[in-house]
Amino acid sequence: MLFELRRFLRTLPLGVIWGLVWPQTATMLCTMIIGLTDIWVAGRIDSGTQAAIGFSTQIQAFLMVLGMSLGAGAMAAVSQSMGAGRRDRVRRYTGLVMALAVLFGLLLSFFMYMGGDTVLGMIHVPAGLEDITRFFYHMLLLGLPAQYIMNVGSVLFRASRNVLMPLIAVTAACLINVFGDLGFGLGMWGLPAFGASGIAWSTFAAVCVGAALLLFLLRHAGLTLPRVLPSAAWMCRAAPYLLKVSLPALLTQFLWQGGYLSLFVIMAALPDSVDELAGMTAGIRVESMLFMPAVAFNMTAAIMVGNLLGAGKVAEARRTGLTITVLGALCMSMAGACMWFFMEALARFFSPDQAVQEQIVSYLFYNILSTPFTVGSMIFNGVMTGAGATLYTLVVNTSCIWLVRLPLAWLLAHIVWGGSRGVYTAMLISMIVQASAMLWVFFRKDWPGYAMRRSGVPATR
């Protein structure tokens, strides 16, 4: 049996997996540092600024749904095209997707600015936080087109297995953001302390530089056409598959982020909402340290499964997807077990307020318990994205958040326990259900049938 296990391990593409995972993990680390620095600096200003950043972060995640869904379609189309050896198709999809990213970012910024009062009213910002939340909201909209460029451009690089270029761009953005937050937010190194304004403008400058650098690197890497956009005839032939993958991903992201905003609304209606919101915001950022490599495993699964399905290697795609899922869940579960002993120290680091610290620890307690289920579900989502089978992700993820998590969160937080513990318990239960459902889909459904090579998509070179 030991011999069979060793022979099986030798057949696994562990070197390829590691070569894709570590640069993406480093990219996630830089992204995490940006978010954590914002939260840490805001906590040194006051808990109201920290809570306002939490609201703006959730709004940003909601507004990025078009970019995320476009990225899902790009990942499936480009990774499968790379696997099939169709380099020209890769360049054409790159031009089409980047043009759509810029267009969506600009349109969203305009319309969300016009409807800003309605948006802020819908999320029930606590009294006293209206002005600071509105300021961060406006700064978010100003940088939204650049966020779309960074997000979609990074996906295109990853889909072509060029995972170092996004790392370069995000590292530059990270350095600018950290320097600006500390220098112009807190006044370090003799610089003027602008407080919340320093945080917002530093983030804006960072994302703009990162977006410009990514556009340059896309051109330098030869992933774009000389005329930027492909022909109209090609776009008409290629767009249906992009839409087939992106539309379910759009609905998934829309409903998922809407669910998270609803969680913030449920939390905001609790008696000690400011401390609980600040604690949940900081807890999410601390948790991102744990799930950072999980996101890298998710994207690695999408890349490798897409490449293999594009090459027609269905059985190998199944085996690789399962290998990455098991490996990622085991690694992150062990990391979560280690983080368990440092929850209080992390809470003290991110907030000097005792009440907020207690909320951070409570959030981490339940979410570290859910690590194997959350990570397993995340990586299975990556498998489905690489295959273009985002319809399964739509059904499973949205059902779990709207039919399980939100009703349970309201019931437990407002009726049974009367506190944030009810929200966190509901999150744990919903992730157990979601991971179980995705495991069933992986083994019982024909998700490889959604790939371009097997779904009858024209061979648009």
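Numbering (our numbering), first residue to last: 389 to 849.
Glycine included, C-beta positions come from ideal geometry on N, C-alpha and C.
Just so it is clear, the structure is predicted and the values come from calculations on it, not from any experiment.
For a cutoff of 8 Å on Cβ pairs, would you count L532 as touching chain C? Included in the structure is just one protein chain, with no chain C present.
Going straight from the alpha carbon of V490 to that of G806, what length do you get? Here residue 490 corresponds to residue number 102 of the sequence shown, with the count starting at 1. Here residue 806 corresponds to residue number 418 of the sequence shown, with the count starting at 1. When rounded, the distance between both Cα atoms is 44 Å.
For R793, count neighbouring C-beta atoms within 10 Å of its own C-beta (all shown protein chains included) and say buried if the count is 16 or more, exposed if not. To locate residue 793, count along the sequence shown from 1; it is residue 405. Its Cβ being crowded by 16 or more others within 10 Å, R793 is buried.
Three-way DSSP call (helix, strand, coil) for F604 in this model: Here the question's residue 604 lines up with position 216 in the sequence shown. If DSSP states are grouped into helix, strand and coil, F604 belongs with the helices.
With a threshold of 8 Å, are at least 3 pairs of Cβ atoms found where one atom belongs to the segment 442-452 and the other to the segment 685-700? Because the criterion of three Cβ pairs below 8 Å is not met, the segment 442-452 and the segment 685-700 do not touch.
Out of L630, M655 and D426, which one is the CA nearest neighbour of G483? For this step, residue 483 is matched to residue 95 along the sequence shown. It is L630.
DSSP three-state label for P618, please. Residue 618 sits at position 230 when you count from the first residue of the sequence shown. P618 falls in the coil class under three-state DSSP.
As assigned by DSSP and simplified to three states, the class of A777: As a first step, residue 777 must be located in the sequence shown, where it is residue number 389. Here A777 sits in coil by DSSP.
For the candidate residues F730, C562 and M815, whose alpha-carbon lies nearest to that of F652? As a working mapping, residue 652 is identified with position 264 in the sequence shown. Per the Cα distances, M815.
Cβ pair count under 8 Å reaching 3, the segment 585-604 against the segment 530-540: Result yes; three or more Cβ-Cβ pairs closer than 8 Å.
With three or more beta-carbon pairs closer than 8 Å as the criterion, would you say the segment 448-462 touches the segment 542-556? Result yes; three or more Cβ-Cβ pairs closer than 8 Å.
Can you list, in chain order, the residues of its chain whose CB lies under 6 Å from that of R673, leaving out five sequence neighbours each side? Translated into the one-based positions of the sequence shown, residue 673 becomes position 285. Short of 6 Å from the beta carbon of R673, and not among the five residues preceding or following it, lie these beta carbons of its own chain, in chain order: G423, L424 and I427.
If you count every other CB in all the chains shown that lies within 10 Å of the CB of M470, and 16 or more means buried, which is it? Locating residue 470 in the sequence shown gives position 82, where the first residue counts as 1. The C-beta of M470 has 16 or more other C-beta atoms within 10 Å across all chains shown, which makes the residue buried.
So, with DSSP's three-state summary, where would you put D434? Taking the first residue of the sequence shown as 1, we reach residue 434 at position 46. If DSSP states are grouped into helix, strand and coil, D434 belongs with coil.
Can you give me the C-alpha to C-alpha distance between R432 and T419, rounded to a whole angstrom? The residue given as residue 432 occupies position 44 in the sequence shown. The residue given as residue 419 occupies position 31 in the sequence shown. Between R432 and T419, the C-alpha separation is close to 20 Å.
Using a Cβ-Cβ cut-off of 8 Å (strictly less than) and excluding sequence neighbours within five positions of A627, which residues of its own chain qualify? Along the sequence shown, read from residue 1 onward, the residue named residue 627 stands at position 239. Hits under 8 Å: L484.
Segments of 3+ residues assigned as beta strand (DSSP E) that fall wholly inside the segment 694-779: Annotation note: the segment 694-779 contains no uninterrupted beta strand (DSSP E) run of length 3 or greater.
With distance defined between alpha-carbon atoms, name the residue in M687, L570, N769 and G698 nearest to W828. Sequence index remark: in the sequence shown, residue 828 carries index 440 (1-based). Taking each of M687, L570, N769 and G698 in turn and checking the Cα distance to W828, the smallest one comes out for N769.
Could you tell me whether the segment 488-503 touches the segment 574-593, using the rule of 3 or more Cβ pairs below 8 Å? Contact between the segment 488-503 and the segment 574-593 is absent, because fewer than three Cβ pairs lie under 8 Å.
Nearest-angstrom beta carbon gap, M416 and A684 [assumed within contact, 8 Å]: If you number the sequence shown from 1, residue 684 lands on position 296. If you number the sequence shown from 1, residue 416 lands on position 28. For A684 against M416, the beta-carbon gap comes to about 6 Å, under 8 Å, which counts as contact.
Can you find at least 3 beta carbon pairs, one from the segment 737-754 and one from the segment 587-595, that sit closer than 8 Å? The count of Cβ pairs closer than 8 Å, one atom from the segment 737-754 and one from the segment 587-595, stays below three, leaving the stretches out of contact.
Grouping DSSP H, G and I as helix and E and B as strand, with all else coil, what is K632? Mapped onto the sequence shown, residue 632 falls at position 244. Collapsing the DSSP output to three states places K632 in a helix.
In the DSSP assignment, the alpha helix (DSSP H) including Y481 goes from what residue to what residue? Translated into the one-based positions of the sequence shown, residue 481 becomes position 93. From DSSP, the alpha helix (DSSP H) with Y481 extends over R475 to M502.
Below 8 Å between beta carbons: does that hold for P836 and L665? On the sequence shown, position 448 is the one that residue 836 refers to. On the sequence shown, position 277 is the one that residue 665 refers to. No, these two residues do not count as a Cβ contact at 8 Å.
Distance between beta carbons of L643 and T786, contact taken as under 8 Å: What you label residue 786 is simply residue 398 of the sequence shown in a count that begins at 1. What you label residue 643 is simply residue 255 of the sequence shown in a count that begins at 1. With 8 Å as the limit, T786 and L643 qualify as a contact, their Cβ atoms being about 4 Å apart.
Given a cut-off of 8 Å, decide if L611 and R479 are closer than it, judged by their beta-carbon atoms. Counting from one through the sequence shown, the residue named residue 479 turns up at place 91. Counting from one through the sequence shown, the residue named residue 611 turns up at place 223. Contact flag set, yes.
R474 to M463, Cα distance in whole Å? Counted from its first residue, the sequence shown places residue 474 at position 86. Counted from its first residue, the sequence shown places residue 463 at position 75. Using only the alpha carbons, I get a separation of about 14 Å.
Nonlocal neighbours in the same chain, by C-beta distance under 8 Å from R736, ignoring five residues either side: Taking the first residue of the sequence shown as position 1, residue 736 is located at position 348. Short of 8 Å from the beta carbon of R736, and not among the five residues preceding or following it, lie these beta carbons of its own chain, in chain order: Q745.
Can you tell me which of I767, A584 and A515 puts its alpha carbon nearest to the alpha carbon of Q438? Taking the sequence shown and counting its residues from 1, the one referred to as residue 438 is at position 50. If we check each option's Cα against that of Q438, A584 comes out closest.
Which residue's Cα is closest to the Cα of H526: Y501, L782, F730 and L454? For the purposes of this step, residue 526 is taken as the residue at position 138 of the sequence shown. Comparing Cα-Cα distances from H526 to each of Y501, L782, F730 and L454, the minimum goes to Y501.
Between Y751 and Q446, is the Cβ-Cβ spacing less than 8 Å? On the sequence shown, residue 751 is found 363 positions in, with the first residue counted as 1. On the sequence shown, residue 446 is found 58 positions in, with the first residue counted as 1. Against a cut-off of 8 Å, the Cβ pair of Q446 and Y751 comes out as no contact.
DSSP three-state label for F582, please. Numbered from its first residue, the sequence shown carries residue 582 at position 194. Residue state, collapsed to three classes: coil.
Taking its Cβ as the centre, do 16 or more other Cβ atoms sit within 10 Å of S619, making it buried, or is it exposed? Locating residue 619 in the sequence shown gives position 231, where the first residue counts as 1. Classification for S619: exposed.
Just mark P846 as buried or exposed, buried being the case when its beta carbon has 16 or more other beta carbons within 10 Å. Locating residue 846 in the sequence shown gives position 458, where the first residue counts as 1. Low local confidence applies: a pLDDT of 46 at P846 is under 50, so the model's placement there is unreliable, with the coordinate-based value given in what follows. Counting Cβ neighbours within 10 Å, P846 comes out exposed, since fewer than 16 surround it.
Provide the residue span of the alpha helix (DSSP H) that contains R809, from first to last. Position 421 of the sequence shown, counted from the first residue, corresponds to residue 809. Segment S808 to R832, the alpha helix (DSSP H) holding R809.
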